[in-house]
């Protein structure tokens, strides 16, 4: 199998599928040779019924780890083969119980002999192997239950992307990104207001000349995020965190959190004690991020923006 030697663990799903198909082919042939017409895909359901005598669909699905529709499909195939039957549950007429038929019960003896012989053959393979595959499969299943491969891979992707992220002070070359990234999210959810046009067209006078700061996040050679600190006249707050935007193309990589933390670290380094922000309750992911950064809901000041209906603040050291 040159492909797997070249692909490495990335192709683990394909390799396990091929191994499963090889074993299932042998299992189908063994059933025929031992005098049973039982198909390999029927085995989990049939085996549980052989052990327990009867069971409802939900119990079978939970025991096997398959979906309810998948188990229903197998039960229907077993029923057409004359091996099982469904009867109404005497305690609950809305569901049915699956039982082995006489033909199904007659299949038990040859199946039990097949199981004993296969167990012996598997033990022989295990003795010749330097790895405990059965034990390893159980461990992998447990680990994947704790954290799925999808989630693990996305976590690796996020960590790698964050290593490539740089956050720098605003320069005139960042003006298009400052304007476009913020206009994009505002226009998606709300209507651009007069204050938006002023701040996005002229960040120099709106933010920087007032003693504020703007940070720009760069990823792979382009600006992908913005965030500003604007001095406030209200004595309760030192700076407003404003115009925080992240390109949709890179959302989900943790850039918003990294940008927010960098902005707060800048505020604390400038001597700020409290940072304030305004947002809207429609922006639930943004509010969740702010809460993760330590912001708490407060009663703020009168906002120049009609869309503002949520005020939050965070204190240094919190």
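Numbering (the numbering used here), first residue to last: 843 to 1160. All C-beta atoms, glycine included, are put in the ideal place defined by N, C-alpha and C.
The secondary-structure analysis by DSSP pairs residue 1038 with nothing; it has no beta-bridge partner.
Looking at the backbone, the Cα of residue 971 and that of residue 948 are separated by about 36 Å.
Here residue 851 carries a helix assignment [DSSP, helix/strand/coil]. Around the beta carbon of residue 963, fewer than 16 other beta carbons sit within 10 angstroms, so the residue counts as exposed. Fully contained in the stretch 1067 to 1128 are the following alpha helix (DSSP H) runs of length 4 or more, in chain order: 1097 to 1111.
Proximity to residue 1129 across 1114, 1112, 1144, 1102 peaks at 1102, based on C-alpha coordinates. For residue 1008, the enclosing beta strand (DSSP E) has its first and last residue at 1007 to 1011. Between residue 1084 and the set 1066, 1090, 1063, 1048, the nearest pair of CA atoms involves 1048. The three-state secondary structure of residue 963, taken from DSSP, is helix. Sequence-distant Cβ neighbours of residue 906 in its own chain, meaning closer than 8 Å and more than five residues away, are 886, 887, 890, 913. Spatial neighbours of residue 1025 in its own chain (CB-CB distance under 7 Å, excluding positions within 5 residues in sequence) are listed in chain order as 1034, 1042.
Of the candidates 1143, 1133, 1149, 1151, the residue whose Cα lies closest to the Cα of residue 1157 is 1133. DSSP places residue 957 in the helix class (H, G or I) of the three-state scheme. Residue 1081 and residue 1015 have their C-alpha atoms spaced approximately 24 Å apart.
By DSSP's assignment, residue 938 forms a beta bridge with 930. Its Cα nearest to that of residue 1073, the residue 1051 stands out among 1051, 1099, 1066. The beta carbon of residue 1066 sits closer than 6 Å to those of 1059, 1089, 1092, all from its chain and outside the five residues before and after it, given in chain order.
Residue 979 is positioned such that its CB atom lies no closer than 7 Å to that of residue 1009.
Shown here for residue 910: same chain residues with a beta carbon closer than 8 Å to its own, the five before and five after excluded, namely 899, 900, 903 in chain order. The residue among 865, 1146, 1107, 1113 with its C-alpha nearest the C-alpha of residue 1121 is 1146.
If you draw a straight line from the Cα of residue 1137 to the Cα of residue 930, it is about 56 Å long. Take residue 853, set aside five residues on each side of it, and the residues of its chain with a beta-carbon closer than 8 Å to its own are 845, 846, in chain order. Sixteen is the threshold: since fewer than 16 other Cβ atoms of the shown chains lie within 10 Å of the Cβ of residue 1040, the residue is exposed. Residue 899: not part of any beta strand (DSSP E); member of the alpha helix (DSSP H) spanning 899 to 906, first to last residue. Assignment of residue 1048 by DSSP, reduced to helix, strand and coil, places it in the helix class.
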